[in-house]
Amino acid sequence: TDQPRDVEELAARTGLSLRATGRAVTDLELRGLARLQPGQTYLRSALAASAA
Numbered sequence: 048t049d050q051p052r053d054v055e056e057l058a059a060r061t062g063l064s065l066r067a068t069g070r071a072v073t074d075l076e077l078r079g080l081a082r083l084q085p086g087q088t089y090l091r092s093a094l095a096a097s098a099a
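Positions in the sequence shown are counted from 1; adding 47 to them yields the numbering used here.
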């Protein structure tokens with residue numbers, strides 16, 4: 048199941064820098080593929096989940 052994750056955790060899991068991770072998550076959010084949750088965590092959107 049998808050769990051909300053913060054930018055620091057996403058960076059650690061992907062090996063990207065915090066800056067690159069932040070940019071990537073912002074891009075995903077603008078494209079409707081990620082949603083910002085309370086506590087500055089991100090979750091894959093329903094649109095992204097249906098495409099997977």
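Ideal Cβ positions, reconstructed from N, Cα and C, are used throughout, including at glycine. Just so we're clear, the structure is a prediction, and the values are computed from it rather than from any experiment.
Exercise. Nearest CA to the CA of Ala98: which residue from Pro85, Gln84, Ala58, Gly79?
Worked result: Taking the sequence shown and counting its residues from 1, one reaches residue 98 at position 51. The residue with the shortest Cα to Cα distance from Ala98 is Gly79.
Problem set entry | Supposed contact pair Ala81 and Thr68 - C-beta distance, whole angstroms, cut 8 Å | Sequence index remark: in the sequence shown, residue 68 carries index 21 (1-based). Sequence index remark: in the sequence shown, residue 81 carries index 34 (1-based). 11 Å between Cβ atoms; not a contact.
For this session: Round the Cβ separation of Gly65 and Glu55 to the nearest angstrom and send it over; I've been treating them as touching at under 8 Å.
Result: Residue numbering aside, residue 65 sits at position 18 when the sequence shown is read from its first letter. Residue numbering aside, residue 55 sits at position 8 when the sequence shown is read from its first letter. Note that residue 65 is Leu in the sequence shown, not Gly. The C-beta distance from Leu65 to Glu55 rounds to 7 Å, short enough to fall under 8 Å.
For this session: Excluding the 5 residues preceding and the 5 following Leu94 in the sequence, name in chain order all residues of the same chain whose CB lies nearer than 7 Å to its CB.
Result: Taking the sequence shown and counting its residues from 1, the one referred to as residue 94 is at position 47. The answer, listed in chain order, is Gly79, Leu80.
For this session: Kindly indicate which residue of Thr88, Ser92, Leu75 has the alpha-carbon position closest to the one of Pro51.
Result: What you label residue 51 is simply residue 4 of the sequence shown in a count that begins at 1. With distances taken between Cα atoms, Pro51 lies closest to Thr88.
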